[in-house]
Amino acid sequence: MRFLTNEPIRAIAHRPSSGWRRRCLARKPPPMLLERYLESLGSQAIARALDLDGPRPALIRPTQDAKFGDFQINGAMPLAKELKKPPRELAQPIAEALSGIDAIEKAEVAGPGFVNIHLAPAWIGSRLTDALRDAERDGVPAVEQVSKIVVDFSSPNIAKQMHVGHLRSTIIGDAIARVLSFMGHQVIRDNHIGDWGTQFGLLIVGMREWGDETALKSNPIKELERVYKLASERAGEDEDFAGRARAELAKLQGGDERNLELWRHLLELSRGSLDALYTELDVSFDSWLGESAYHDALPGVVDDLLERGIAREDDGAVCIFWGEIPGAPKSLRKQKTPFIIRKKDGAFLYSTTDIATVQHRKRQLHADRALYVVDNRQALHFQQLFAVMSLLDADMELEHIGFGTVLGKDGKPLRTRDASGEVITLASLLQEAKERARQRIDEGIAEGRLRVQPEEIDEVSRQVGIGAVKYADLRQNRLSDYQFDWDKMISFQGNAGPYLQYAYARCSSIFAKGGLDMDAISGSATITLDTPAEQTLGKHLLRFADVVYQAGATSQPHLICEHVYELARAFNGFYAECPVLDADGPSRESRLGLTALTARQIRRGLGLVGIGVVDRM
RNA sequence: GCACCCGUAGCUCAGCUGGAUAGAGCGCCGGACUUCGAAUCCGUAGGUCGAAGGUUCGAAUCCUUCCGGGUGUGCCA
C-alpha cells in the first residue's frame, strides 16, 4: 500500500521541480492544437519579416485581457538586442507578415513590442463546426505516438477503511488515466493494494483472538479495522504477542496453507467493500496487482543488486548507499540515507516490492511509462526507487505524481483517527454529500425551481453530491495541500461541481423545450459568431484540445476543471444575452450548434475528470 | 545535520515554460426572475504577491540571502 499506517497525515506542499517542468514541456503535442498552430504561423512570420536565416520562437501566449486580442506574440522583444533595433520597429513587419492568413483577422503592434492577434470569427466558427461534426473526439486529435502507460493509483491497505486522504490518489489517478486514455494512449490502471505487509501477521493473530464472524460478514472492513486496532495496540505492549504476529506473517509468506486460507478470506471480504466504494466513485482498474503478487520475485531482486555490487550488506541489512555509487543523483549522495531492500531479519520491504513491480511492468507488460499517484511525503522513496531503476537500466519513464496532504479545518494535518475518535471515512463523506444534494433538490422542488422527476432524484443526488466532492478536490493544483471542509467540499454555489452540471442541464433543457435532438443538430448546424457573447463562448470552446493535452502532459486535472468552469461561465453569459430558440433562421441554427457543442464539451471535460452530468437537476 | 516544499484579497485557492493594469469563488455591499431553468447573471469595495538584494527591455514567476511555516530522512508502508 502506498499510505503510511498509524500516522497522522502531515502537511507538505510540493511544487513541481524545474526538472519536472522541463520533462513535461519536452513532450511534444501533435500538430493542429491551436497554440501550436499559431506558434508556427508566428515564427514563420518573424523569419520572413526580419529576413532571418532560421525560424525564431514566436512566444505565443494567450492575452490576459480581451482588449489586447486573443493571443500575443512576444517574440519580437528578445530579438531587439540581437538585431540592435527597437522592439516596436521589429514588431511592425511581423504584424504585417501575418496579414492574409484566414485564421487571423488582424495583427497589431502594441505596448513595448507585442504583436496582438485577433482571431477571425469566421475561422473560429468553421473550426467549431468541424468539432461539432466530430462526435467521437469533439475535435481533439489523437496522439501520433501511442505509449503504454501504467497509472498506479488508489492503492489502499486491505485492512483499513478508506478515509478522505485516500480520495486524492483515487480520483486524481482516475482523472489522469481518463485523460491519457482519451488522448489515445494505452493505459493500464493498476491498484497496488497493501495485501501482504506486517499488518497481516497482526490480523491473523487478532482474528483468531477476537474475530467476530458475524460482524465480519456485515461490515468486513470495519471489523478488520477493529481487530487490527486491538492487535496493534496489544503488540505495542506485549512482546510475546508481537512475536506471534511476526511468526504468523512468516508462516503466511512461507506458504502455510491455513494462514493462506484465512488471508484469502480476508482479502475477498475487503475486496467486496472496496468494490462498492469504487463503484460509487465510478472508478475502475485493469489490474489489482498488490504487494503479494511480487512476493516470489523479491529474493531475486536482492541477489541481483548484490551481484552487481549496487547493494551491500550493512549491520545485517541489505542496503544501497548512494554515496558509494558514482552515477547517483547529487541530492541522494549528499543525504547519506541508504535505500534498504532487505531487513536484518531477512524480510523484504516496500522498496523491494516496488523494484520488482517496475520490472514486471517492463518485462511482462512492456510499458513505456509508469505514473505513481502517491502522496508527496513519499517523494524521497520514489526518488530512490527511480535511481535504482536507472542503475538497473529499466528503460522506462517513471514519474511520481505527488499530491498535497489533506488538512483539517484548522489548517493542521487531518488525522485518520483523532483524540475524539472521529474518523471521516470516505464512505461517510460520500453518503453525506448525497444527502446534502438531495436536501437541496427537495427544497428546489418544493419552491418550484427545479424539475427533477421523483424517480430521478436518487441518481441526480448521486451525480451532484459525488460530483461536488470530486470537483472540490480536483479543481485545485494537486500539489497544494488540501483543506478539508464539509461546506466547501459539498458546495453547490459558485465555482463548484453543481455550477458546471447546471450549465449542462441548461443546454439540455433548451433542446428538450424545443423538441430538438442534439445529435441531429450536431450533424447539420453551422456555427457563426456574431455577437460578443457568442464570440467569447466560441473562443473558450476553441481551446479545449489544448487544455486536454496540457492536462495530460503535466498530469494536472485541475486545468480541465478550470477550463470547464470558464466555459460554463461563458455559456451562462451567452445564455443571458442570446435567445436560442427564439432566434431567427441561421442565427437560431448556429446558436443551437453552439449550445450542443458546449454541452458536449462540458460533458466530455467533466467525464475526463470522472464527474457525471444529468439532463435535469 | 542533510534533502525537499510552502508563504498571493478577510477566508479558500488560481496564476509561477518571465510579458501589458496580479485573477476566481466564498463572504461584504448594491442591482436583475410577466421573457429558452435565479444551483443563474450584472456591478462595487478589498492586494507593498513574506522581506531585502540581484539578473532582465520587463519579475508573483528565475537566482541569492533572510524571516515565518511544513515534510522526509537505517531496518513501517
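With positions in the first sequence counted from 1, the corresponding number in my numbering is that position plus 7.
Ideal placement from N, C-alpha and C gives every residue a C-beta, glycine not left out.
Legend entry - Whole runs of the alpha helix (DSSP H) within the region 458-521, excluding any shorter than 4 residues: Taking only runs of at least 4 residues, the alpha helix (DSSP H) segments lying wholly in the region 458-521 are 464-481, 493-496, 504-521.
Legend entry - Backbone CA spacing between SER176 and SER291 [nearest angstrom]: Taking the Cα positions, SER176 is about 13 Å away from SER291.
Inset, instruction - Note down, one range per segment and in chain order, each alpha helix (DSSP H) of at least 4 residues found wholly within the region 357-438. - result: Contiguous alpha helix (DSSP H) elements confined to the region 357-438 occur at 357-370, 386-398, taking only those with 4 or more residues.
Inset, instruction - Would you grab the beta carbon distance between ILE179 and PHE410 for me? Rounded to a whole angstrom, and I think it's under 8 Å. - result: Right, their Cβ atoms sit about 6 Å apart.
Inset, instruction - Determine contact between the region 600-613 and the region 510-527, defined as no fewer than three beta-carbon pairs at a distance below 8 Å. - result: Under the three-pair Cβ rule at 8 Å, the region 600-613 counts as touching the region 510-527.
Inset, instruction - Inspect the CB distances between the region 138-155 and the region 355-366 and report whether three or more fall short of 8 Å. - result: Here the region 138-155 does not lie against the region 355-366, with fewer than 3 beta-carbon pairs under 8 Å apart.
Legend entry - N-terminal and C-terminal residue of the beta strand (DSSP E) that ILE5 is part of: Since the displayed the chain opens at 8 and closes at 624, residue 5 lies outside it and no answer follows.
Inset, instruction - Could you check how far apart the C-beta atoms of ALA434 and LEU284 are, in whole angstroms? I think they sit under 8 Å. - result: That pair is a contact at about 6 Å.
Legend entry - Exposed unless 16 or more other CB atoms sit within 10 angstroms - verdict on GLY592: Only exposed fits GLY592, as fewer than 16 other CB atoms lie within 10 angstroms of its CB.
Inset, instruction - Confirm, please, whether the CB-CB distance from PHE189 to VAL555 is below 8 Å. - result: Result yes, Cβ atoms of VAL555 and PHE189 sit closer than 8 Å.
Legend entry - C-beta contact flag for HIS547 and GLU569 at 8 Å: Cβ atoms of HIS547 and GLU569: not closer than 8 Å.
Legend entry - Selected residue, minimal CA-CA separation from GLY472, among PRO461, ILE448, ALA242, TYR379: Across the set PRO461, ILE448, ALA242, TYR379, the C-alpha of ILE448 shows the shortest separation from the C-alpha of GLY472.
Legend entry - Extent of the continuous beta strand (DSSP E) run through ALA117: Note, ALA117: beta strand (DSSP E), 111-117.
Inset, instruction - Would you mind working out which of ARG598, GLY208, SER397 sits nearest LEU544, comparing C-alpha positions? - result: Considering only alpha carbons, the answer is ARG598.
Inset, instruction - Report the three-state DSSP secondary structure of ASN226 (helix, strand or coil). - result: Correct three-state label for ASN226: coil.
Inset, instruction - Measure the alpha-carbon distance for GLY451 versus LEU457 and round it to whole angstroms. - result: Rounded to the nearest angstrom, the two C-alpha atoms are 5 Å apart.
Legend entry - Whether GLY522 touches ILE618 by CB criterion (8 Å): Taking 8 Å as the Cβ cut-off, GLY522 and ILE618 do not qualify as a contacting pair.
Legend entry - Sequence-distant residues of its chain with Cβ nearer than 7 Å to ALA577 (five each side left out): Excluding sequence neighbours, ALA577 sits near THR543, LEU544, HIS547.
Inset, instruction - Can you have a look at PRO93 and say buried or exposed, based on whether 16 or more other CB atoms are within 10 angstroms of its CB? - result: With fewer than 16 other Cβ atoms from the protein chains shown falling within 10 Å of its own Cβ, PRO93 counts as exposed.
Legend entry - Opposing strand residues paired with ALA324 [DSSP bridges]: DSSP output for ALA324 lists ASP321 as bridge partner(s).
Legend entry - SER468 burial status per 10 Å Cβ neighbour count (16 or more: buried): For SER468, the number of other beta carbons within 10 angstroms of its own is at least 16, and it is reported as buried.
Legend entry - Three-state secondary structure assigned by DSSP to ASN198: In this structure, DSSP gives ASN198 a state outside helix and strand, which the three-state scheme calls coil.
Inset, instruction - Within the same chain, show all residues whose beta-carbon is closer than 7 Å to that of VAL495, passing over the 5 residues directly before and after it, in chain order. - result: A quick correction: the sequence has Lys, not Val, at residue 495. Closer than 7 Å at Cβ, skipping near neighbours: ALA479.
Legend entry - Contacting residues, own chain, Cβ-Cβ under 6 Å from LEU378 (five flanking each side not counted): Excluding sequence neighbours, LEU378 sits near VAL158, GLU406, ILE408.
Inset, instruction - Just grab the DSSP bridge partners of ASP159 for me. - result: Per the DSSP secondary-structure output, ASP159 pairs in a beta bridge with ASP197, TYR379.
Inset, instruction - Can you give me the Cβ contacts of GLY297 inside the same chain, cut-off strictly under 7 Å, excluding the 5 residues immediately before and after it? - result: Excluding its 5 nearest sequence neighbours in each direction, GLY297 has C-beta neighbours in its own chain below 7 Å: HIS199, ILE200, GLY201, ASP202, TRP203, listed in chain order.
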